[in-house]
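Remember, this note's numbering sits 60 above the position in the sequence shown when you count from 1.
All residues carry an ideal CB built from backbone N, CA and C; glycine is no exception.
Read the structure below first, then the notes.
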Amino acid sequence: MFRLQKFLRRTIQIRLKIPESSLSNLISSSSLTHPPPQRVLKPKNSLQRLHPRDDPYIKTSNSDSFNSFLDDLYENDKVIMGIDRDTGHIITTPRNPQYSLIKNQFEKPLESSYGTVRPIHGINRALDQLSSKPKTRFYKPGFRAFYDIIIVGGGIMGCLVAYEILTFLPKGFQLAIIERDLDYRNTPTVLSVGGIRQQFSTPENVLMSLQSADFYRHLDKFLFINGQHLPTVHYQPHSYLYLASEEGASQMEANHRMQISYGAKSELLSARKIKDMFPWINTDGIAIGSLGMENEGFIDSKSLLQALKIKCIDLGADFIHGEVHNMVSQLDETEIHKDSADTWEDEKRRMFNRVSEVHVELTDGDVFPIHSSQFVIAGGAESGHLAYLAGIGAGSGVLSVPLPVVPKKRYIYNCHVEGNRGGPGLDTPMVVDPSGVFFRRNGYFGDFLVGRSPPNKSLEPKENDNLDVDLDYFDEHIWPYLVNRIPHLSKNTKITDAWSTIYDMNLHDHNPIIGPHPYQGSVLFATGFSGQGLSLAPAVAKALSEYIIENDYKTIDVSRLHFHRLLKDQEIWETTII
61 MFRLQKFLRR TIQIRLKIPE SSLSNLISSS SLTHPPPQRV LKPKNSLQRL HPRDDPYIKT
121 SNSDSFNSFL DDLYENDKVI MGIDRDTGHI ITTPRNPQYS LIKNQFEKPL ESSYGTVRPI
181 HGINRALDQL SSKPKTRFYK PGFRAFYDII IVGGGIMGCL VAYEILTFLP KGFQLAIIER
241 DLDYRNTPTV LSVGGIRQQF STPENVLMSL QSADFYRHLD KFLFINGQHL PTVHYQPHSY
301 LYLASEEGAS QMEANHRMQI SYGAKSELLS ARKIKDMFPW INTDGIAIGS LGMENEGFID
361 SKSLLQALKI KCIDLGADFI HGEVHNMVSQ LDETEIHKDS ADTWEDEKRR MFNRVSEVHV
421 ELTDGDVFPI HSSQFVIAGG AESGHLAYLA GIGAGSGVLS VPLPVVPKKR YIYNCHVEGN
481 RGGPGLDTPM VVDPSGVFFR RNGYFGDFLV GRSPPNKSLE PKENDNLDVD LDYFDEHIWP
541 YLVNRIPHLS KNTKITDAWS TIYDMNLHDH NPIIGPHPYQ GSVLFATGFS GQGLSLAPAV
601 AKALSEYIIE NDYKTIDVSR LHFHRLLKDQ EIWETTII
């Protein structure tokens with residue numbers, strides 16, 4: 061590289077008589093030392109070719125010879141091809157009108173809509189996003205500019221959707237998964253209690269939980285790849301025991317009848333029966349209970365996530381480590397429209413077209429635009445924000461209805477009991493109290509996991525944007541209910557560990573939102589599980605892949621869980637969330 065720069069320096073200085081100071085700027089610019097490859101683009105009226113002097117990547121000077129050289133390139137629409145070794149002349153050629161160099165930019169700036177159209181978190185957020193505009197790259201080695209499908213969110217839900225699609229489509233289908241935490245250190249699924257169950261109050265959820273249980277049962281066959289390692293999720297079969305007071309008994313009985321009719325195996329227990337089976341439970345105030353008989357238990361969600369990631373890579377999926385900053389719809393190409401800090405873009409004209417591009421901030425700070433024909437939002441608790449970036453909830457009419465998925469924090473405490481004789485044994489189910497407090501065994505040495513699903517907003521953790529743990533929450537809102545239901549824990553119990561996780565809470569009715577948006581047809585959802593995603597994820601991925609590939613549901617019809625129920629203000633409440 062040094063010898064090439066020396067040759068270029070001497071040749072250009074002789075032919076153009078450029079001063080040494082200006083020559084250093086020219087040679088050091090990325091346009092000559094690292095010429096970017098040309099990228100094929102369809103001719104667009106909205107393309108604007110910058111004059112080289114206005115290009116932020118070229119360091120210009122006051123040299124008349126140098127500026128004349130740049131003017132010749134611009135006025136005659138030429139590009140530099142190289143230098144003739146015999147004569148030392150710079151070789152230029154007219155630009156192909158169907159091609160565009162990396163220096164060409166759209167009249168509508170890529171990042172301008174951050175501050176003008178979608179002010180997510182006020183002026184600081186807008187300025188931060190606008191500052192990333194100079195980092196935008198139209199070409200980046202190792203990254204594709206187009207995919208057939210892009211899945212935003214690389215957790216268990218996103219990986220399962222990718223797995224189902226790539227399993228049934230021929231090779232050559234291009235699919236990408238965008239995930240900002242590819243190490244999965246703070247992924248909510250990994251931080252959950254890892255429970256799967258079949259006791260729900262919605263028929264679709266019961267059917268999907270049964271199908272998902274079959275997937276987990278044969279996981280080693282589905283996720284097997286060539287090699288000696290067999291994937292496993294360390295499944296531990298344990299029942300869920302829901303307890304109900306007199307007030308909630310009728311709802312539990314209705315749920316039980318529905319569950320049985322759709323093939324679930326659960327049993328209603330009287331308070332006396334509960335006491336006989338689990339003598340360490342205090343049944344005061346309990347009318348009945350519902351005990352799952354099969355297809356319930358706990359799995360290692362981190363092992364599941366790693367096995368899915370390896371399988372998706374084996375099937376040809378590309379994992380992109382980055383964060384989505386914007387989702388862009390294609391504008392009317394017959395007119396040039398420009399955003400600025402003082403104007404607002406015509407939202408209707410943007411939204412009359414499908415979302416066709418996503419802007420991803422990569423780990424090196426570059427913002428890279430990627431095109432696709434379909435986008436699946438499986439971003440968990442961030443799905444509401446991602447939908448807003450796509451214009452859902454930012455427009456008028458149908459687009460005025462947002463995706464009501466927000467992050468909700470839940471605390472999980474690991475309690476150790478010294479001398480557990482006479483207390484909860486190895487057959488301990490996942491006990492769910494009417495207060496929302498839940499409790500289950502964790503291992504074989506007297507450890508138990510405890511948490512609470514708040515029954516009202518006043519008991520919700522106040523901060524939902526971090527993973528900090530409040531130990532006072534345990535003392536004030538969990539411990540009194542826990543020792544009342546399981547008196548054995550009142551002695552020799554101490555907290556040995558605690559962490560928090562984030563639910564993708566659907567505020568509308570606590571049920572998942574699946575399928576396409578009724579207006580933005582290129583955007584599909586697999587989100588809003590309200591903490592129950594592990595029980596439903598394999599079946600949801602199967603249903604969504606069927607809709608994408610065949611435009612219909614073949615196994616389980618989940619059309620009632622589409623986005624359109626939000627437009628109709630139709631609620632399908634799931635009452636068994638934990």
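Spatial neighbours of Ser269 in its own chain (CB-CB distance under 8 Å, excluding positions within 5 residues in sequence) are listed in chain order as Ile256, Arg257, Gln258, Phe260, Ala324, Asn355, Ser595, Leu596, Ala599.
In the structure shown, Gly345 adopts coil according to DSSP, grouped into three states. Contact between the stretch 357-370 and the stretch 293-309 is established, with three or more Cβ pairs separated by less than 8 Å.
Beyond the five residues adjoining it in sequence on each side, Leu283 comes within less than 7 Å, by CB distance, of Pro291, Ala367, Leu368, Lys371 in the same chain, given in chain order. When the Cα atoms are used, Asp378 and Ile209 turn out to be separated by approximately 11 Å. Each residue's CA atom was taken as its position, placing Val212 and Ala236 some 8 Å apart. Rounded to the nearest angstrom, the gap between the Cα atoms of Phe233 and Leu226 is 8 Å. In the DSSP assignment, Asp374 falls within the alpha helix (DSSP H) that extends over 361-375. For the 7 Å CB-CB criterion, Leu463 and Gly451 do not form a contact. As DSSP reads the structure, Ala304 sits in a beta bridge with Ile348.
Pairing Tyr541 with Asp493, the inter-Cα distance amounts to about 8 Å. In this structure the stretch 621-631 does not touch the stretch 235-251; the number of beta carbon pairs closer than 8 Å is below three.
The DSSP-derived three-state label of Phe534 is helix. Between the alpha carbons of Pro339 and Ser590 lies a distance of about 32 Å. In its chain, beyond the 5 residues on either side, Glu264, Ile574, Ala603 have a beta carbon closer than 6 Å to the beta carbon of Val618. For Met353, the three-state secondary structure derived from DSSP is coil. Shortest Cα-Cα distance from Ala586 to any of Cys219, Phe206, Glu421 involves Cys219.
In the structure shown, Tyr244 adopts coil according to DSSP, grouped into three states. In the structure shown, the three-state DSSP call for Ala599 is helix. A distance of 7 Å or more separates the beta carbons of Glu523 and His570. The shortest C-alpha to C-alpha distance from Leu549 to any of Tyr607, Val418, Gly506, Ile285 is the one to Gly506.
A buried status is given to Gly440, since no fewer than 16 other beta-carbon atoms sit within 10 Å of its beta-carbon. Every alpha helix (DSSP H) of 4 residues or more that sits fully in the stretch 442-483 is shown, in chain order, as 443-449.
For Ala438, the number of other beta carbons within 10 angstroms of its own is at least 16, and it is reported as buried. About 6 Å separates the beta carbon of Pro484 from that of Arg501, a gap short enough to meet the 8 Å contact definition. In this structure, the CA atom of Val529 is about 6 Å from the CA atom of Trp559. The straight-line gap separating the alpha-carbon atoms of Leu242 and His289 is approximately 21 Å.
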